[in-house]
Every structure is written in C-alpha cells, then in structure tokens.
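Residue numbering for the sequence shown follows this note's numbering, starting at 8 and increasing by one per position.
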Amino acid sequence: MDIGTFRKHGHEFVDWIADYLRDIESFPVLSLAKPGDTRGRLPGVPPEAAEPVDRIFADFKDVVLPGITHWQHPGWHAYFPANNSPASILAEMLTAGLGAQCMVWQTSPAAAELEDLTLDWLRQLLGLPPGFVGTIQDTASTATLCALVSARERASDFGVNEEGFGRPLVVYASREAHSSVEKGAKVAGFGRRNVRFIETDENFALVPAALEEAVARDEAAGLQPACVVATLGTTSSTAVDPLRAVGETAARHGLWLHVDAAYAGTAALCPENRWFLDGVELADSFVFNPHKWMLTNFDCSAYFVKDPGTLIRSFEIHPEYLKTGVDPCVKNYRDWGIQLGRRFRALKLWFVIRSYGAEGLRAMVREHQRLARLFKGWVEAEPDFELLAPVPFGLVCFRWNDGRRAEDELDAFNKSLLERINSSGRFYLTHTALRGKFALRMVVGQRTTEERHVRAAWEAVASAARELGRP
Ligand code: PLP
C-alpha cells in the first residue's frame, strides 16, 4: 500500500470510528453471533493475490462487526468496563504509526521516560505513597504474577535448608480473590495446593483473624508463608479487604503484600474514596487497571512497587546483544516484567490524563458512582428485589426475590431474568454467585452511560421481572 492510499483510508477509518462512537447505541450491545458464524463466512485459505483495502474493509463491516460485542455501548453493565476515549484512540493511532518496540531505554528513550512520568502522575493522582515506583504491564493478571515471582524471589532468600531446598512457599488470598491469583501461583511454581483461600465476612471481605490463623498453622507445619494478596474491589461484588489488618499480618510474618485494585483503583482518583487505601503504605506492590475504568484503551495496567530492586532482581537478564552504554543510568523496563518486547503504552495514558485533567477523570468517577447509587436505591425501594452486597463503587449486585420461592427456584428465575434483559440488545449485565445465590451484576462505568441509560436499564429489569413472575 502506498502512502497516498494509506492516507485516503486513514481519513476514511477515522470517519468510520467517529461515526461508530456517535451511533454506538444503534448496535446490539451483546453480539448476536452464533459459534462459527464469523469463521464460516471467511475463506479457510489465505489469499494468494493482494486484495484492495476497500474489499477488506467491506468484509470488516459485513462479517467482523456482527461478531463484535460493543464494550463502548452506554448499555454496557457487564463484568467491569473496559472503557476507551477519543484521546486514547488517537494516541493508539500514533503508537501504531510509530511502531516502536520499547524494550530498553535506547530503543525509544521518550517511551521509557513517559512511562516513568505517567506512572508517577498516576501515583500522585491516586494518593499512593511517595516511595512507590510504577511500570506498565499488559494486564493485572501479569502484574499479580510479577508480584508472586518477586515474593518467591524474596522468600527464597530465607529458609533454604542444608541441601539447598527451601520449605514450600505459601500464598494467601480471600475466597473472593480474582482467579489470576490462583493462576499466578500455578505459573510461579507455588503449586495449587499451596494457595490458601481465606474465609470472608458478611460483606465478602477477608477476615484478618482467619488469615493470621492460617499463616500460623502453616508456619507450625514447617511451610513458609510467602505472599498475601489483598483485594480492593473484588470481581464478584467489589468487596474491600481490610488492608491495614492484612498488612499487619504480612509485616509480622514477613510476607509480601500485593494489593489487587484492578477495577477499584480508579475510584481513588477522588479523595473521598481513599478510605479503602488505608494501610497501603504497608504494601510491597499494588496494581490497578487504567484500561478498566480510566478511559484508556485495553491494555494498560499500572503496577507499583515499593522496592524496584526485588522486581528487577526477579526479572533482569543481561545478554550481550541487549547491552547499551547508558544501562547504569536509565530504566530498562525489560527488567521490570516478563516480556522483553514492549508496546508504547504510556502514550495513551499521557494523552488521557492531559486531555481530561484530574478534574475530568474525577467527574466521571463521581457521576458513575452517583448513577450506581441511584440504581441501588431503586432496587432497595422495590419489595420484590433485594440487594446482595454493599455498593462502594460502581457495581450493584442484586436479585429478584418475592420471598415465596425456594433458593433453586430463585436461581432459575434470576437466570431467566438476566437472559431476558440481555436479549433486548440494549443492555448487557452479567452474573455471579454470592453465598451460593445467583446474583445479577449491574456495573456503571462506561464513558457514555448517562442517567437515562441507567433508568432505562432499571425499567427493563423491573418489567422483565413482572412478565416472568406472572402466573
Ligand atoms: N483482579 C480483579 C479484582 C479483577 O476484577 C480482574 C478482572 O476483572 C483482574 C484482576 C484481572 O484483570 P486483567 O484482565 O487485567 O488481567
């Protein structure tokens, strides 16, 4: 493709994206595609001859687009958001255009220094302690794996026996912790049986006394407690583990304290939300995802550590072909995580923070929290609905319950209710299990979601429940 053709299609694509974002409500939020629909409409063998962009783009619109679930739709209330923004999209275009591979400082000095700068901006914006230093990982799962590997590195400094073998290392997290903790423990070699899932209280938060007991039991059994993950904003219900108490146990027993605030971290942009960070100075590492609720295109996960030395010791490599003359005085982020090659992710973060300003980002968070509280109020006011968890951020967990049915009937009813709501194409909610109960999850976190959308979602939920409940 020559530059002229590229320019022509570039303009056309930007127009298409602008129209897409403007008209996104006209798409069904959840793709209606059936398994095999997309593949079945495309040739199984690659083209021998070059094809014009017009034809590829026509297939994109005709074949690919129907198989897309529209995460930027204002009716997006599923999982957690992965919201983007015009500023972030523009930066992603520049990143793609530059095509820089930013593995070491020298392979793009500005990328390394913008990463250093934007992560420090984020640290300040969230009110994290001054000593914390950040790097960008692709996802929170990777950041948690990095924390577990660092914890293993630090723990293996102690407790090695005469034959050179250490005691088995143990990881702790609440029963409500994200599955990435278990996956990370498996990948990092702790082994599934050395992960302890600690009981939670009536609000789904880790019980500190149960953590203390589990750690003491493992120590008495000759194992070596190595890491505890505290979750601030659990995936199912956004429960907040008591960070200070968990941190005190970690400090008493020499555990690495990793904080997973993948979704809720963004809420700390607003000082009135920072209660949940109480004790964060005790953490060794902290992750949150600007790619969830902070208007930054997937993927972009902010990972902070108190002591970069342990992180670097865990991941550094020094092959001759990667050495540069400036290594002693720069940050080479290849040593701050698993991958060698790195995208220029800091650029979109820089664009987002500058284009919204701290004020704009805070305003979005506050509005989403206001809308979530509004929805919560409607659930509470309706006798046939019940709230299933506290609502500290933008997620409401609830279900229909007329008080006259057994639990299994209620589960079946709420499952049908969810299917009915989602089949409208206007809203997409997902579910979870809370104390064994089928719970509907309604998240407000999409950039384009306004009060009218949340109101319409509630009306759809209430009327679908009335129709289903009719004898
Ligand atoms: N931690 C928590 C609390 C989450 O809710 C999620 C995803 O929703 C993750 C970790 C995993 O995030 P990622 O997809 O960035 O790995």
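C-beta: ideal position from N, C-alpha, C; glycine also. Predicted model, so just to flag it, every value in this text is computed and none were measured.
Open item on the list: So for residue 444, helix, strand or coil by DSSP?
Closed with: strand
Task: Presumed contact (8 Å Cβ cut-off) between residue 447 and residue 408, rounded CB distance - done: Contact doesn't hold; Cβ gap of about 11 Å is too wide.
Task: Coarse secondary structure for residue 419, derived from DSSP in three states - done: helix
- [ ] Assign residue 336 to one of three DSSP states: helix, strand, or coil.
- [x] helix
- [ ] Using 6 Å as the cut-off, classify the Cβ of residue 413 as near or not near the heavy atoms of the ligand PLP, replying yes or no.
- [x] no
TODO: Would you mind stating whether residue 404 and residue 396 have Cβ atoms separated by less than 7 Å?
DONE: yes
Open item on the list: Could you give the first and the last residue of the continuous beta strand (DSSP E) run that contains residue 310?
Closed with: 308-312
Open item on the list: What does the alpha-carbon distance come out to for the pair residue 16 and residue 57?
Closed with: 16 Å
Open item on the list: Counting beta carbon pairs with one atom in the stretch 135-142 and one in the stretch 359-375, are three or more of them shorter than 8 Å?
Closed with: no
- [ ] Go ahead and label residue 380 buried or exposed: buried means 16 or more other beta carbons lie within 10 angstroms of its beta carbon, across all protein chains shown.
- [x] exposed
Open item on the list: Short of 8 Å in beta carbon distance, which residues of its chain neighbour residue 11, apart from the five on each side in sequence? Order them along the chain.
Closed with: none
- [ ] Can you give me the start and stop residues for the alpha helix (DSSP H) that residue 292 sits inside?
- [x] Segment 292-295 is the beta strand (DSSP E) holding residue 292; no alpha helix (DSSP H) there.
Task: Nearest candidate by alpha-carbon position, reference residue 248, set 282, 221, 176 and 273 - done: 282
Open item on the list: Closer than 8 Å is the cut-off here; do at least three beta carbon pairs connect the stretch 80-89 with the stretch 24-44?
Closed with: yes
TODO: Output yes or no for whether 7 Å exceeds the beta carbon distance between residue 359 and residue 115.
DONE: no
- [ ] Reducing DSSP to helix, strand and coil, say where residue 233 ends up.
- [x] strand
Open item on the list: Tell me the DSSP secondary structure of residue 168 in three-state form.
Closed with: Only weak support exists for where residue 168 lies, its pLDDT of 48 falling under 50; the value from the coordinates is given anyway. Note: residue 168 maps to coil in three-state DSSP.
Open item on the list: When you measure from the CB of residue 185 to every non-hydrogen atom of the ligand PLP, does any distance come out below 6 Å?
Closed with: yes
Task: Presumed contact (8 Å Cβ cut-off) between residue 173 and residue 231, rounded CB distance - done: 7 Å
Open item on the list: Just checking residue 87 against the ligand PLP - is the residue's beta carbon closer than 6 Å to any of the ligand's heavy atoms?
Closed with: yes
Task: Residues near residue 339 in its chain [Cβ-Cβ closer than 7 Å; skip 5 each side] - done: 111 and 112
Open item on the list: Would you say the beta carbon of residue 163 is closer than 6 Å to some non-hydrogen atom of the ligand PLP?
Closed with: no
TODO: Compute every distance between the C-beta of residue 270 and the non-hydrogen atoms of the ligand PLP, then say whether any falls below 6 Å.
DONE: yes
- [ ] Could you tell me whether any non-hydrogen atom of the ligand PLP is closer than 6 Å to the CB of residue 296?
- [x] yes
- [ ] Measure the Cβ-Cβ separation of residue 213 and residue 181 and say whether it is below 7 Å.
- [x] yes
Open item on the list: Could you check whether the stretch 285-304 touches the stretch 244-259, counting it as contact only if at least three pairs of C-beta atoms, one from each stretch, sit closer than 8 Å?
Closed with: yes
Open item on the list: Any contact between the stretch 313-333 and the stretch 126-135? By contact I mean 3 or more CB pairs, one from each, below 8 Å.
Closed with: no
TODO: Using 10 angstroms around the beta-carbon of residue 267, count the other beta-carbons present and answer buried if the total reaches 16, otherwise exposed.
DONE: buried
Open item on the list: If you follow the beta strand (DSSP E) that residue 205 is in, where does it begin and where does it stop?
Closed with: 202-205
TODO: Could you check how far apart the C-beta atoms of residue 294 and residue 262 are, in whole angstroms? I think they sit under 8 Å.
DONE: Actually they are not in contact, since the Cβ atoms of residue 294 and residue 262 sit about 17 Å apart, beyond 8 Å.
Task: Span separating the alpha-carbon of residue 199 from that of residue 189 - done: 7 Å
Task: Endpoints, beta strand (DSSP E) assigned at residue 406 - done: 402-407
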